[in-house]
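*Asks:* Structure in structure tokens, see below.
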Amino acid sequence: MKRSNTKICLIAVFSLLLSVIWQNPADAATAPTIAPLGQIRDGLSTPSKIAVDAQGALYVADVTKRAVVKYSKHGELLRQYTGLAFSGIGLAVTPDGGVLYVADRHAVSRVDGATGTLLGQLGQGAGEFAEVSDLALDAAGFVFVADAGNKKVRVYDPAGLFQYEITGVGTATGQFVGMTSLAIDQAASTVYVAHAMGKVEAFDLAGTYLRTLNGATDFGPKAIFEIAGITFDGAGRLYLFDSMNSFMVVKDLAGPYLSTFAEGGFASGQIKNPLDALFDPATGRLFVSCSDGRVEIFGIDGAVNPAPPVANSAPGAPSLIAPTSGQELVTATPQLQLGNAVDADNDPLTYDVMILDGAGAVVAESLAQAEGAENTQVAVNESLADNLYSWKARACDALACSEWSATVSFYVNAVNEAPAAPILASPLLGETLDADGLLSWGAAADSDPFDQITYRLEVSDAFGAEIAVQTLGGTEVALGELADYLALEDGGTYFWKVAAVDDKGLAAVSDPGNFVFDTTLLRVTANMPGARVYLGGNHGYAGRFLGETPLELRTFPEGTSSLVIERSGFEPFVAQVQLAYQDNATVQADLLPAMTPADFKGQTLKNGHTSIRVSSKGAPCYVDFNNDGQSDLLVVDTACRLLLYTGVVGGTSPLVLDNVVLEGLAPGAVPFVADWDNDGKKDLVIGFSDGSLRLYLNEGSESAPSFGEGAYLQVAGANLAVCGDAVPVVADFNGDGKKDLLVGSSAGEVALYLNVAEDAAPAFAAVQGLVAGLSGAVAPIFVDWDADGKRDLLLAADGRLFVAEPQVDGSYLPVPVLVVGAVQGTDTVKGDKKGNKGQGRTTSGPAATSLRIAAVDVDDTAGKDLIVCDESGEIKLFCSAGKECLPAFGTALLDKVAQIGELIGEDAALQVKLAAVETLVKSGKYPAAADLAGQMPCGGPALQAVNELVALLK
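Here the sequence shown stands for residues -28 to -1, 1 to 926, numbered as in mature numbering (1 follows the signal peptide of the UniProt record, and there is no 0).
Shown next as structure tokens:
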């Protein structure tokens, strides 16, 4: 058997052991001091056998509960082992607490101290023993089991295999009659077995008989009869307990009896019917289990209960300083920085740090990193691939760790990479785009998380020539938004591509796409450079300014539109344009020289053979109302209807009443036509004799207007009104590009309302008086009377036509330029006393006092004509027969000469001739200048400009 070799060795050294353990009389042990330290009752019913491990934990077998109860060295109940084959008459534990040996009557179980699960049983298991009465472990882990039924001690190795037995039935020394308790003196390697009548047999670990202790003679004055517990302290003393009589004796193992403890009872510090006892060498305490449900604790030689552990406070979590949330790191082995944690116990701290990938898996960690002075630096020694990571940390003292900090994400971007090439979305294969057409592409991905991507758009023609290059932040752009949009030619095929560029300059280029550019295009040219082009206007109101000739207008509105072209020195040019989607058209404005109005001849305008009559306060409105290319006449008749007369005003044929535009107006209503809301359709502003004005928005089209209910115009939230006989004129009076409103009144005053909002939605906040002091009603006209390129404020009042000249204080002074009269059926217009020439016959009768006039070159010859409505209610046309050009025309001719000079360039011979032409023009010798210019040998655009100059000079 395995223990046989051990037995031989132990016999060989037995004499040595005796010399070590058995004390000499000079070294005899003294009686211990025994002090009560309390008791354990928590969780106990009927305690019996007890055991203790090297950590001071106490194990108590409870017969009633059929469980083993475990306590800390401080007496705290830690756990219970239940569900065991259990009688409570034998218990032992390994020093590390890893295995418990628990006795039933006929078997001993090995139990896992951590989990409480059964590891096995000694020997053959059930039936291995006749009647177990106690068990103990030696220092080597061998299990000694007192089998009272068979009167022997059986020994098993740590694996539970039987090794040998100590036996002898009888009353002689070294023999057993019965067994009540078994204990091993680990210091002396001696096995003590107590049996009937207080007798104790001692053996060495191999089973060799050593001696017998007699309960009647060897334990002092009181005989012991029923031994229920044997234990040993570290001072060579044996403690024996009499269960029946409830006392304890202490004996020197090497000598005599020392003392008796006979405090029997149930109170603290007393014992009653002790069932087992155990000395804990780690704490110097003696534990005694009593049948009344307690374990009594005694301190030997001054031992006390261990001080309860000081409650340890786990440290707080550290703060994560760097990297911060979302930070980009340009190294694969970053250094992490965390703020030191606060520990209430001021314990030394270490730190655990973990780095996790996007899926939460740990990719790097640093454990037990020593704490720095204020912050702690943690180097990452493993190379991290470019990716998104997160990190967290916790602080630890010797006993506990903080919670993990919240995770903070960061990016590793040690290697910068170019973005992916964009993928073009549209157009790809020759789709047609206009200015609103979008070039669009998908956003480019970039593995570098914080790189800012811009897009470089490149457009080239069919020959590869670069047309447009533009850097953009988004993924689409309309062609019309390109800075080089005007470089695109209508009908041209273009190729385009997009490069995604990161902020490090790395780029990737898309595959190319192509498209055809086609837009609705209007080109406006003129026989003079720098002519101003307006949209949606007429002779009375120019409209919205678009630019100067030569002018190319892309994405021009579809449908019918009105254009007005004006140039200093020339009469206004009005044209109608009709365009479909993606149509191209050209308007050539052959401007006519502005002549000095003179020698007026009058005629009454008729509808068939009948004179066109209106009320005495009626007013003519000259406009191409239906956009047929011929100007029409709008008037309000005596029946308060707004009538449209078509035909050629001043032509050989009478005008024709074409349409009743509005009904239910009021006597003396005065219409004015302007595109009020910039929707490309002409609207009506009508003044009334009560001084109010109403706006009628066009609900039809530009060429076929129709109008619903009008709305009163307002100023500062109230209906706009003058004192009476309101005559409206829409004009950009202050040159800010927005419609303003001029209104004449019956008080001889002109009021100005400046637009404080947008051109497409005029609004007025205040009124400003411009002209005052005229007698009777005044009707304003806004026309470039002297052809200097700026419209003038003309006033019809008191039978005369005035020019309002601006004064220093901001007001306007009326200066008469013409007198209009009617005598005996002969119509005349004559000049005033300031030298303005009027060539009509002088009238001796009274001049008309209430005038409504339109000033426009109706017949395209000899200067501006006048369409007049006076107090008689007849509409009359006074045609000018002027023969002299206005001074502004001569100045304009010099601009034409300068244009030719630019076109012929550095041709010295032509420049000499042109200089001679210029001299003749300055001297007013136009025919001679025309002849000389016609002799200039040039071609191309220069020739066209020369021919235009010659035509103007002739």
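All C-beta atoms in this analysis are idealised placements derived from N, C-alpha and C, irrespective of residue type, glycine included.
Rounded to the nearest angstrom, what separates ASN753 and ALA557 at their Cα positions?
*Replies:* Mapped onto the sequence shown, residue 753 falls at position 781. Mapped onto the sequence shown, residue 557 falls at position 585. According to the sequence as given, residue 753 is Ile; it is not Asn. Looking at the two C-alpha atoms, the distance is approximately 33 Å.
*Asks:* For GLN299 and GLY652, I'd like the C-alpha separation in whole angstroms.
*Replies:* What you label residue 299 is simply residue 327 of the sequence shown in a count that begins at 1. What you label residue 652 is simply residue 680 of the sequence shown in a count that begins at 1. Using only the alpha carbons, I get a separation of about 55 Å.
*Asks:* Give me the Cα-Cα distance between LEU692 and ILE425, rounded to the nearest whole angstrom.
*Replies:* Mapped onto the sequence shown, residue 692 falls at position 720. Mapped onto the sequence shown, residue 425 falls at position 453. Going by the C-alpha atoms only, they are around 56 Å apart.
*Asks:* Just how far apart, CA to CA, sit SER482 and LEU535?
*Replies:* Locating residue 482 in the sequence shown gives position 510, counting from the first residue. Locating residue 535 in the sequence shown gives position 563, counting from the first residue. In a straight line, the C-alpha of SER482 is about 44 Å away from that of LEU535.
*Asks:* For ALA118, I'd like the list of residues in its chain whose CB is within less than 8 Å of its CB, leaving aside the five on either flank, ordered along the chain.
*Replies:* As a position in the sequence shown, residue 118 is number 146, starting the count at 1. Excluding sequence neighbours, ALA118 sits near GLY62, VAL104, SER105, ASP106, LEU107, VAL125, MET151, SER153, LEU154, VAL165.
*Asks:* Measure the alpha-carbon distance for GLY140 versus VAL221 and round it to whole angstroms.
*Replies:* Looking up residue 140 in the sequence shown gives position 168. Looking up residue 221 in the sequence shown gives position 249. Roughly 27 Å between the two C-alpha positions.
*Asks:* Hey, out of LEU72, ALA1, ALA7, whose CA is closest to ILE22's CA?
*Replies:* Residue mapping note: residue 22 aligns to position 50 of the sequence shown, counting from 1. With distances taken between Cα atoms, ILE22 lies closest to LEU72.
*Asks:* Out of curiosity, what's the CA-to-CA distance linking ALA333 and TRP363?
*Replies:* As a first step, residue 333 must be located in the sequence shown, where it is residue number 361. As a first step, residue 363 must be located in the sequence shown, where it is residue number 391. Computed Cα separation, rounded: 11 Å.
*Asks:* Excluding the 5 residues flanking SER587 on each side, which residues of the same chain have their C-beta closer than 8 Å to its C-beta?
*Replies:* Here residue 587 corresponds to residue number 615 of the sequence shown, with the count starting at 1. The answer, listed in chain order, is VAL608, ASP609, THR610, PRO639, GLY640, GLY845.
*Asks:* In the DSSP assignment, what residue or residues form a beta bridge with VAL488?
*Replies:* On the sequence shown, residue 488 is found 516 positions in, with the first residue counted as 1. According to DSSP, which records beta bridges pairwise, VAL488 is partnered with THR404, THR465.
*Asks:* Quick one: is GLN11 buried, meaning 16 or more other Cβ sit within 10 Å of its Cβ, or exposed?
*Replies:* Here residue 11 corresponds to residue number 39 of the sequence shown, with the count starting at 1. The residue in question, GLN11, is buried, as its Cβ has 16 or more Cβ neighbours within 10 Å.
*Asks:* Whole angstroms is fine: what's the gap from ILE272's alpha carbon to PRO253's?
*Replies:* Position 300 of the sequence shown holds residue 272. Position 281 of the sequence shown holds residue 253. About 10 Å.
*Asks:* Helix, strand or coil for MET169, going by three-state DSSP, please let me know.
*Replies:* Here residue 169 corresponds to residue number 197 of the sequence shown, with the count starting at 1. Here MET169 sits in helix by DSSP.
*Asks:* Distance, Cα to Cα, SER661 vs TRP648?
*Replies:* By one-based count along the sequence shown, residue 661 stands at place 689. By one-based count along the sequence shown, residue 648 stands at place 676. If I take the Cα positions, the gap works out to 22 Å.
*Asks:* Quick one: grab the DSSP three-state call for TYR553.
*Replies:* Here the question's residue 553 lines up with position 581 in the sequence shown. Residue state, collapsed to three classes: coil.
*Asks:* Give a yes or no on whether the minimum CB-CB distance between GLY873 and chain B is below 8 Å.
*Replies:* Protein chains in the displayed structure number just one, and chain B is not present.
*Asks:* Do three or more CB pairs link the stretch 338 to 348 to the stretch 310 to 328 at distances below 8 Å?
*Replies:* Yes, they touch.
*Asks:* Can you tell me whether DSSP reads LEU838 as helix, strand or coil?
*Replies:* Here the question's residue 838 lines up with position 866 in the sequence shown. Strand at LEU838.
*Asks:* Below 8 Å, can you find three or more Cβ-Cβ pairs linking the stretch 290 to 306 to the stretch 380 to 396?
*Replies:* Cβ pair count under 8 Å is three or more, so yes.
*Asks:* Work out the CA separation of GLY99 and GLY92 for me, nearest whole Å.
*Replies:* Position 120 of the sequence shown, counted from the start, is the residue given in the question as residue 92. Position 127 of the sequence shown, counted from the start, is the residue given in the question as residue 99. If you take the alpha carbons of GLY92 and GLY99, they lie about 14 Å apart.
*Asks:* Excluding the 5 residues preceding and the 5 following ALA407 in the sequence, name in chain order all residues of the same chain whose CB lies nearer than 6 Å to its CB.
*Replies:* Reading the sequence shown from its first residue, position 435 is the one you call residue 407. Correct list, in chain order: LEU451, GLY452, THR491, ARG526, THR527.
*Asks:* According to DSSP, what are the bridge partners of TYR53?
*Replies:* As a working note, residue 53 is residue 81 in the sequence shown. VAL40.
*Asks:* Looking only at its chain, what residues have a beta carbon closer than 6 Å to the beta carbon of LEU518, apart from the 5 residues adjacent to it on each side?
*Replies:* Here residue 518 refers to the residue found at position 546 of the sequence shown. Same-chain partners within the cutoff: VAL505, LEU507.
*Asks:* What residues in its chain sit with their C-beta under 8 Å from that of LEU109, if we drop five residues either side in the sequence?
*Replies:* Translated into positions along the sequence shown, residue 109 becomes position 137. If we look at LEU109 and ignore the five residues flanking it on each side, its Cβ neighbours are ALA64, VAL65, THR66, TYR73, VAL115, PHE116, ILE156.
*Asks:* Restricting to Cα atoms, I'd like to know which of HIS78, SER374, ALA514, ALA86 is closest to GLN96.
*Replies:* Walking along the sequence shown from the start, residue 96 turns up at place 124. Of the candidates HIS78, SER374, ALA514, ALA86, the one whose C-alpha sits nearest the C-alpha of GLN96 is HIS78.
*Asks:* Just checking, does the stretch 591 to 608 make contact with the stretch 551 to 566 on the three C-beta pairs under 8 Å criterion?
*Replies:* At 8 Å Cβ cutoff, the stretches do not touch.
*Asks:* Can you give me the Cβ contacts of PRO700 inside the same chain, cut-off strictly under 6 Å, excluding the 5 residues immediately before and after it?
*Replies:* In the sequence shown, the residue the question calls residue 700 occupies position 728. Closer than 6 Å at the Cβ level, and outside the excluded window around PRO700, lie PHE644, VAL657, GLY659, LEU665, VAL715.
*Asks:* Determine which residues share a DSSP beta bridge with ASP604 and list them.
*Replies:* Your numbering for residue 604 matches position 632 in the sequence shown. Bridge partners of ASP604: VAL595.
*Asks:* I need the DSSP call for PRO909, collapsed to helix, strand or coil.
*Replies:* Along the sequence shown, read from residue 1 onward, the residue named residue 909 stands at position 937. PRO909: coil per DSSP, three-state reduction.
*Asks:* Under a Cβ-count criterion, where at least 16 other Cβ atoms within 10 Å of its own Cβ denotes burial, should TYR323 be classed as buried or exposed?
*Replies:* Looking up residue 323 in the sequence shown gives position 351. Burial call: buried.
*Asks:* With a threshold of 8 Å on Cβ separation, who are the neighbours of GLN349 within its own chain once the five nearest residues in sequence on each side are excluded?
*Replies:* In the sequence shown, counting from the first residue as 1, residue 349 sits at position 377. GLN307, LEU308, GLN309.
*Asks:* Rounded to the nearest angstrom, how far is the Cβ of VAL642 from that of ALA591, given a contact under 8 Å?
*Replies:* Taking the first residue of the sequence shown as 1, we reach residue 642 at position 670. Taking the first residue of the sequence shown as 1, we reach residue 591 at position 619. Between ALA591 and VAL642 the Cβ distance is about 4 Å, and since that is below 8 Å, they are a contact.
*Asks:* Which two residues bound the contiguous alpha helix (DSSP H) that contains PHE861?
*Replies:* Reading the sequence shown from its first residue, position 889 is the one you call residue 861. Start and end: 859 to 876.
*Asks:* Could you check what DSSP says for LYS855 in three-state terms: helix, strand or coil?
*Replies:* Residue 855 sits at position 883 when you count from the first residue of the sequence shown. LYS855: coil per DSSP, three-state reduction.
*Asks:* Roughly how many angstroms lie between the CA atoms of GLN27 and SER231, to the nearest whole one?
*Replies:* As a first step, residue 27 is located in the sequence shown; it is residue number 55 there, counting from the start. As a first step, residue 231 is located in the sequence shown; it is residue number 259 there, counting from the start. C-alpha separation (whole angstroms): 29 Å.
*Asks:* Distance, Cα to Cα, ASP708 vs LEU429?
*Replies:* Here residue 708 corresponds to residue number 736 of the sequence shown, with the count starting at 1. Here residue 429 corresponds to residue number 457 of the sequence shown, with the count starting at 1. About 36 Å.
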